[in-house]
Amino acid sequence: MRDPYVRFNGRGENIYFPSTYLGCIPVVTIGASVTAGMYCMSKMHDPESMIITVEYFHAFAVNFKKATLVWILFLFIGFIGAGDLFYAVRVADGGNLFFFLFALILLFVLISVMFWVFLLIGRYENSIQEHLKNALLLAVGRLPRTLLMWIVWGLPVAIVIFYPIWMVPFGWFFITIGVAVLLWMSWLVQRGAVA
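Everything in the sequence shown is counted per my numbering, starting at 1013 for the first residue and increasing by one.
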């Protein structure tokens, strides 16, 4: 029996670079890549699963259609929210509070649902509408975990925005193991919430 750290490292390096980044090369497949990554993070702790990269590409292929459609829907809604935010801050005279609040609430709900929906797509067989409904219910019902997910994914972004000098080290971090570490931390936050 190997040490858990060695076992995690051996399995983790299978998914670090090749799988996650190859799956994200066309931007429209980010949803399928994240879904497969979340699936593999849950399988990484299963002693029977040995070849994580093979499981990653299998999960990517199986969930490709649903995850890609959900990701494109999120991109479309995100562009609407970003457009409203841009209008409220840059175009409207003196700022438009309605558009500003609408955009913030829309983007908060959208990203909160996104934290959960790709996990659900990877684990359960449901329609897209059911996955979105369940993800919204989890985002609201498990609000402390959702807020913790905001911290997990938002902290690296905030560090790069507010301290641009850290962009180079964080860039290398994300190129090597960053996304896999964030997916693993997300799985740790979410694992007790979904049966």
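We put the CB at the ideal spot given by N, CA and C, even for glycine. Note that the structure is a prediction, hence the values are computed from the model and not measured.
Between the CA atoms of residue j and residue i - distance to the nearest angstrom
i	j	result
Met1179	Phe1186	10 Å
Ala1048	Asp1105	45 Å
Ala1100	Leu1116	11 Å
Gly1227	Ser1139	This structure gives no information on residue 1227, because the portion of the chain shown stretches from 1013 to 1207.
Cys1052	Leu1109	42 Å
Ala1073	Arg1135	14 Å
Val1152	Val1125	9 Å
Glu1137	Ala1170	35 Å
Arg1157	Met1050	16 Å
Thr1080	Ile1177	34 Å
Val1066	Ala1094	37 Å
Val1129	Arg1102	32 Å
Val1206	Thr1041	24 Å
Trp1196	Ile1133	17 Å
Ile1064	Leu1113	42 Å
Met1172	Gly1166	Met is not the amino acid found at residue 1172; the sequence shown has Val there. The alpha-carbon atoms of Val1172 and Gly1166 are separated by roughly 10 Å.
Lys1055	Tyr1068	10 Å
Leu1148	Ala1192	24 Å
His1057	Ile1092	39 Å
Pro1168	Trp1184	12 Å
Per-residue DSSP class, three states only, for residue i
i	result
Met1056	coil
Glu1142	helix
Ile1105	This sequence places Asp at residue 1105; Ile is not what is there. Residue state, collapsed to three classes: coil.
Arg1135	helix
Arg1154	coil
Ile1063	coil
For residue i, the first and last residue of its enclosing alpha helix (DSSP H)
i	result
Thr1041	Neither: Thr1041 is in no alpha helix (DSSP H) and is coded neither H nor E.
Ile998	Since the first residue of the chain shown is 1013 and the last is 1207, residue 998 is not available in this structure.
Distance cut-off 7 Å: residue i Cβ against heavy atoms of the ligand FAD
i	result
Met1197	Ligands are entirely absent from the displayed structure, and the ligand FAD is therefore not among its contents.
For residue i, the nearest candidate out of the options (CA to CA)
i	options	result
Leu1119	Lys1145, Tyr1136, Leu1087	Leu1087
Leu1159	Tyr1175, Ala1170, Phe1127	Phe1127
Trp1162	Val1172, Leu1194, Gly1093	Leu1194
His1143	Ser1045, Ser1054, Val1172, Trp1083	Trp1083
Leu1097	Ala1044, Phe1111, Val1172	Phe1111
Leu1122	Lys1145, Gly1090, Pro1038	Gly1090
Leu1155	Ser1054, Gln1202, Tyr1175, Val1039	Gln1202
His1070	Leu1085, Ile1092, Ala1044	Ala1044
Leu1131	Pro1168, Phe1174, Ser1198	Ser1198
Gln1141	Lys1078, Leu1200, Phe1174	Lys1078
Leu1150	Gly1204, Tyr1175, Ile1037	Gly1204
Curious, which full-length alpha helix (DSSP H) runs of at least 4 residues does the region 1159-1205 contain?
-> 1179-1185, 1191-1202
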